[in-house]
Structure formats: structure tokens, C-alpha cells
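The structure under discussion appears below in the form of C-alpha cells.
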Amino acid sequence: MAIVDLTKDTFEAVITDNDIVLLDFWAPWCGPCRQFAPVFESTSEAHPDIVFARVNTEEEHELAGSFQVRSIPTLMVFREQIIVFSQPGAMAPAGLKTVIEKVGELDMDEVRRQVAEQENQTGEGA
90 MAIVDLTKDT FEAVITDNDI VLLDFWAPWC GPCRQFAPVF ESTSEAHPDI
140 VFARVNTEEE HELAGSFQVR SIPTLMVFRE QIIVFSQPGA MAPAGLKTVI
190 EKVGELDMDE VRRQVAEQEN QTGEGA
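Under my numbering, the first residue of the sequence shown is numbered 90, with each subsequent residue one higher.
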């Protein structure tokens, strides 16, 4: 599957309409981002059932800011509209493969229970 370029206008639909979305926050001037791009692209070809998307932080300041992206590249993974992984820095192919495997193994009922519990403790769920 081709990599999708996300904007603030397309973000919600992509996250809502897909089970797993890997999101790469990057910028054209970023050396580590350029090094990670081929890894991200080749991995996307091996996983056509997963959406691989990129956010150009130079063009999408608001979107990057809403996720408090402070360092690029930053990889985030959404599963069933919940952020289940977020890490700055480029990843090796084996590391990215491991992340995808672990995300696929998650018990999302348990994840939702933990999110709800955390929101109740911080008062966000009330």
C-alpha cells in the first residue's frame, strides 16, 4: 500500500476508518527522517492491511502540535483510534517489525479498560 500523506483535514477520517495506522511525523530538512523513510516505505509494502501515513511537520504545525511532537521523526501507532505506541527517533526495520507485531497482539478490550481507568483517575472521564 502506498503511504498516505495526512493533513489536519484528512487525519480524523484515516484514523477512524482504519484498524491500525502507523503515523510518521517528519520534515523534509530532517536527516534522520530521510534515513527512516525507506524503512517506513518498505515495511508498508510488507503490510498492506495496515495504513502507513506521514505528517509533514513543516506543513502541518497544528497537527504536530496537537500530539506534542517535539522531536522528529516520531512514530505513533493508532489501533482502533487509540494511541498505543509513540516514540521519537528513527527505527531499524527489525524494531518497526516488532512494534507492528506487538500492536497486532494487543487485547484492545484490556487497552480500553486501562484508558477508561486512567481517565477516571485523572478526572477526564467525568
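Every residue, glycine too, gets a C-beta built ideally from N, C-alpha and C.
Cβ-Cβ separation between Ile171 and Val204: approximately 6 angstroms, consistent with a contact (criterion under 8 angstroms). In terms of Cβ geometry, Val93 and Ala142 form a close pair [threshold 8 angstroms].
Taking the Cα positions, Leu195 is about 30 angstroms away from Ala116. Within 10 angstroms of the beta-carbon of Met197 lie fewer than 16 other beta-carbons, which makes it exposed. Bridge partners of Pro177 according to DSSP: Thr163. By the CB criterion at 8 angstroms, Val103 and Leu95 fall inside the cutoff. A check of alpha carbon separations from His136 across Glu148, Gly212, Asp106, Ala91 identifies Ala91 as the nearest. In this structure Glu206 is exposed. Its beta-carbon is surrounded by fewer than 16 other beta-carbon atoms within 10 angstroms.
Secondary-structure assignment with DSSP links Leu112 through a beta bridge to Ala142, Met165.
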